[in-house]
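Colleague: For the sequence shown, the working numbering assigns the number 1 to the initial residue and increments by one for each residue that follows. Note that beta-carbon positions come from the ideal geometry of N, C-alpha and C, so glycine has one too.
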Amino acid sequence: MGLDIRIDLPRTEQSDTYDVAIVGAGPSGLTAGIYCARGRRSTVVLERNMAGGQIALTELVENYPGFPDGISGFDLADRMKRQAAQFGAELREITTVASLQPHEDGCFSITTDQESIRSRAVILSPGVEAKRSGIPGEAEFIGRGVSWCATCDGALYKGRTVAVVGGGDAAVEEGLFLTKFADKVYVVHRRDELRAAKIAQERAFANPKMEFVWDSVPRRVVGDQMVEGLEVQNLKTKEVRTLPVNGVFFYIGQIPNTAFLQGVVERDEAGYILTDELMRTSLCGVFACGDARSNPLKQIAMAVGEGALAAVQAQRYLDQLECPLPAAGGQRPAWGGPTVPAASGERPGSGGAGDTPTP
Ligand SMILES: Cc1cc2nc3c(=O)[nH]c(=O)nc-3n(C[C@H](O)[C@H](O)[C@H](O)COP(=O)(O)OP(=O)(O)OC[C@H]3O[C@@H](n4cnc5c(N)ncnc54)[C@H](O)[C@@H]3O)c2cc1C
1 MGLDIRIDLP RTEQSDTYDV AIVGAGPSGL TAGIYCARGR RSTVVLERNM AGGQIALTEL
61 VENYPGFPDG ISGFDLADRM KRQAAQFGAE LREITTVASL QPHEDGCFSI TTDQESIRSR
121 AVILSPGVEA KRSGIPGEAE FIGRGVSWCA TCDGALYKGR TVAVVGGGDA AVEEGLFLTK
181 FADKVYVVHR RDELRAAKIA QERAFANPKM EFVWDSVPRR VVGDQMVEGL EVQNLKTKEV
241 RTLPVNGVFF YIGQIPNTAF LQGVVERDEA GYILTDELMR TSLCGVFACG DARSNPLKQI
301 AMAVGEGALA AVQAQRYLDQ LECPLPAAGG QRPAWGGPTV PAASGERPGS GGAGDTPTP
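#1: Would Ala308 and Tyr64 be called neighbours here (beta carbons separated by less than 9 Å)?
#2: Which of helix, strand or coil does DSSP assign to Thr339?
#3: Please indicate yes or no: does the CB of Cys149 lie closer than 8 Å to some heavy atom of ligand 1?
#4: Buried or exposed: Met279, going by 16 or more other Cβ atoms within 10 Å of its Cβ?
#5: For a test of the three-state rule: what should DSSP assign to Tyr157, helix, strand or coil?
#6: Out of Ile110, Gly137 and Pro296, point me to the one whose CA is closest to Val45's CA.
#7: So if DSSP puts Lys236 in a beta bridge, which residue, or which two residues, is it bridged to?
#8: So does the segment 114-123 actually touch the segment 298-314, counting three or more Cβ pairs closer than 8 Å?
#9: Can you determine whether any heavy atom of ligand 1 sits closer than 8 Å to the C-beta of Ser28, and answer yes or no?
#10: Thr161 and Gly88: beta carbons closer than 9 Å?
#11: Between Met210 and Val187, what straight-line distance do the alpha-carbon atoms span, to the nearest angstrom?
#12: Can you tell me which of the three DSSP states Lys81 falls into?
#13: Skipping 5 residues on each side, what residues in its chain have a beta carbon closer than 6 Å to that of Cys289?
#14: Compare the C-alpha of Ala25 against each of Glu93, Asp215 and Asp75 and name the closest.
#15: Whole angstroms is fine: what's the gap from Gly66's alpha carbon to Thr237's?
#16: Kindly examine ligand 1 and report whether one of its heavy atoms sits closer than 8 Å to the Cβ of Cys289.
#17: Should Arg241 be listed as close to ligand 1, given that the test is whether its C-beta is under 8 Å from any heavy atom?
#18: Which residues bound the alpha helix (DSSP H) around Arg203?
#19: Under 9 Å between the Cβ atoms of Val286 and Pro102?
#20: Tell me whether Thr95, by its Cβ, gets closer than 8 Å to a heavy atom of ligand 1.
#21: Looking at the structure shown, is Asp215 part of a helix, part of a strand, or coil, going by DSSP?
#22: Could you compute how far the alpha carbon of Gln331 sits from the alpha carbon of Ala21?
#23: Measuring only between beta-carbons, confirm whether Ala171 sits less than 9 Å from chain C.
#24: In terms of alpha-carbon separation, which member of Phe249, Gln86 and Cys107 lies closest to Asp19?
#25: Compare the C-alpha of Gly253 against each of Arg82, Pro296, Ala155 and Glu129 and name the closest.
#26: In terms of alpha-carbon separation, which member of Gly175, Gln114, Leu156 and Thr17 lies closest to Thr58?
#27: With a Cβ-Cβ cutoff of 9 Å, do Ile55 and Gly73 count as a contact?
#28: Just curious, the alpha helix (DSSP H) that Leu176 is in, first and last residue?
#29: Can you give me the Cβ contacts of Glu62 inside the same chain, cut-off strictly under 8 Å, excluding the 5 residues immediately before and after it?
#30: Would you report the Cα separation of Asp16 and Asp268, rounded to the nearest angstrom?
#31: Measuring CB atoms only, is the segment 217-226 touching the segment 191-208, in the sense that at least three cross pairs come out at less than 8 Å?
#32: Using only the alpha-carbon positions, how far apart do Gly229 and Val146 sit?
#33: So who's on the other strand from Met210, going by DSSP bridges?
#34: Within a Cβ cutoff of 8 Å, which residues of the same chain sit near Leu283, ignoring the five residues on either side of it in sequence?
#35: Run through DSSP, which three-state label would Thr58 get?
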């Protein structure tokens, strides 16, 4: 069941139009929700699952400032969610956004699997999801030994053997987490060294339950009713062997959840949303933040910072809608949005740092 937190906030102009609609309730979307709602903007946050995003799937977060002993991902997500609700953000969970459409009057329609919502500004924070390897057996054994979430499924492997595929932070940290349950954890990595943070590497190399299968890629998940093995190939020797495992956890990368934005805002070739340094997308009035944005660091601290900036910029944009710039010399963006000064070519929300509103 989705949670529907509604707190009475005055909505400007039309009662059925929100000031800001936020797509995705991970750390970036929830932070944007905190800032917008605290700025007394009517704010709705739309989330296809339960709020929290990827951190809700993370056992322990050790590198987010303010928690020297670490904090469970679930607790951190819950705190962010309560903080957004406390300032008046409406959170609608189990609500998938299917499309975003700009209108001539400057508003946006957001169509979900349940309803259509109108807003005057939009913040996109749909994050990423795990990439599928596409190897035979992967799809067939989902829920029967193939997983992307050690936090969700790790306890099922008490006393058993599992393989983790990948060499980055997620693979190594989730592999370490799995050693709490499994007797043995193979780490299958295509190179001969890990990409994970050094501290995670040190812990992994010191853990007697972890065994590294270097220079190797998965070729096939094998089994009958349940997973019984993972066929791997060494890229240097070409040797193929089957690891006797009961579970396979894939951490081989991510894809952005931006398919619904095709043709709406500009994205890079991998599908990540392109913005300027103020989080403004190619569509006036639409901002983006977090892992779904084309940025160099996919971490909570980054997502939170970008969420704050997107929210402040969205509020600046709304301020200028409420107090339109003089028409003389102005021009209107193609979709019929607010008047913007022609000389600078700036869009609303692009004012100098000195006049940024107090968030
Ligand atoms: C296993 C794992 C461990 C990690 N550990 C750490 C760590 O220790 N420290 C750290 O800093 N980072 C860690 N990260 C990375 C961190 O979780 C992400 O950087 C962060 O969650 C990104 O936040 P976000 O809000 O941009 O996106 P996400 O967390 O991905 O949230 C996006 C949300 O949008 C929702 N959504 C997507 N599409 C739609 C749609 N169409 N309609 C409605 N809702 C939609 C999704 O369901 C999701 O809830 C980890 C990631 C993983 C996978």
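Modeller: Taking the coordinates as given:
#1: no
#2: Unreliable positioning characterises Thr339 in this predicted model, as indicated by a pLDDT of 39, which lies under 50. The coordinate reading is nonetheless provided below. In this structure, Thr339 counts as coil in the three-state DSSP scheme.
#3: yes
#4: buried
#5: helix
#6: Ile110
#7: DSSP lists no partner for Lys236.
#8: yes
#9: yes
#10: no
#11: 7 Å
#12: helix
#13: Ser28, Ser125, Met279, Glu306, Gly307 and Ala310
#14: Glu93
#15: 47 Å
#16: yes
#17: no
#18: Lys198 to Ala206
#19: yes
#20: yes
#21: coil
#22: Any reading at Gln331 needs caution, since the residue's pLDDT is 43, under 50, leaving its predicted position unreliable; the model's value is listed next. Each residue's Cα considered, the two are about 25 Å apart.
#23: Checking the listed chains, one finds no chain C in this structure; it contains a single protein chain.
#24: Cys107
#25: Glu129
#26: Gly175
#27: yes
#28: Asp169 to Leu178
#29: Gly70
#30: 34 Å
#31: no
#32: 11 Å
#33: Val185
#34: Pro102, Val264, Val265 and Trp335
#35: coil
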